[in-house]
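Residue numbers for the sequence shown follow my numbering, beginning at 42 and rising by one.
The C-beta atom is built at its ideal place from N, Cα and C for all residues, glycine as well.
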Amino acid sequence: MKRKTYKKVYQVESVVNKKFDAESQAYLYEIKWVGYPHSKNTWEPIEHLDNPDVQKMVTEFESRNQQIDGDLLRTCLLKKLTDFLIKHSPGEEGIQEIILSDFSNSSKQQFQQSNKDSNHGEQNGQFQKVLSTLN
Numbered sequence: 042m043k044r045k046t047y048k049k050v051y052q053v054e055s056v057v058n059k060k061f062d063a064e065s066q067a068y069l070y071e072i073k074w075v076g077y078p079h080s081k082n083t084w085e086p087i088e089h090l091d092n093p094d095v096q097k098m099v100t101e102f103e104s105r106n107q108q109i110d111g112d113l114l115r116t117c118l119l120k121k122l123t124d125f126l127i128k129h130s131p132g133e134e135g136i137q138e139i140i141l142s143d144f145s146n147s148s149k150q151q152f153q154q155s156n157k158d159s160n161h162g163e164q165n166g167q168f169q170k171v172l173s174t175l176n
């Protein structure tokens, strides 16, 4: 008598995370499966994710991560710029409160113009270089 075997089909709910596996020298994606708790998530290589719908999920996950990386880069640059400004400030009497995240193009131009007239030439030049990296 022949024995019937059933192959269970798993459906991908979402791509949760990504990591680099040094052993296989490839990226693995953490997959959340439909009908299973997060504790049953698995790490899968891209070769196992050949369904077009799953490929779309991977692409969307990658684009979200790039946006997050850009936000993280901006946050890091603002922190470095703040540290730089504090370190190179002329003294308490010359300090103005600057909220860097509120800088618009017009306020940056006004700030640059007002600082051209100041006598802090070298420090102003260093500030302008750092400020230009934020654009």
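Margin query: For aspartate 62 and valine 56, what's the separation of their Cα atoms in angstroms?
Written below: 17 angstroms
Are at least three pairs of beta-carbons, each pair with one atom in the segment 67–77 and one in the segment 47–56, less than 8 angstroms apart? The segment 67–77 vs the segment 47–56: in contact.
**Study point:** CB contact flag (tyrosine 68, leucine 90, <8 angstroms)
**Key:** No.
Distance, threonine 83 Cα to tyrosine 47 Cα:
21 angstroms
Open item on the list: Considering only their Cβ atoms, is the gap separating serine 65 from proline 86 smaller than 8 angstroms?
Closed with: yes
*Alpha carbon to alpha carbon, how far is serine 130 from histidine 79?*
50 angstroms
Separation of glutamate 101 from threonine 123, as counted between CA atoms: 33 angstroms
Can you give the Cα-Cα distance for arginine 115 and isoleucine 109, rounded to whole angstroms?
10 angstroms
Q: Provide the residue(s) that pair with aspartate 62 in DSSP beta bridges, ordered along the chain.
A: Ala67
key: Run of the beta strand (DSSP E) containing proline 22, from where it starts to where it stops   = The question about residue 22 has no answer, for the chain in this structure spans 42 to 176.
task = May I ask you to report which of helix, strand or coil DSSP gives lysine 81?
result = Three-state result, lysine 81: helix.
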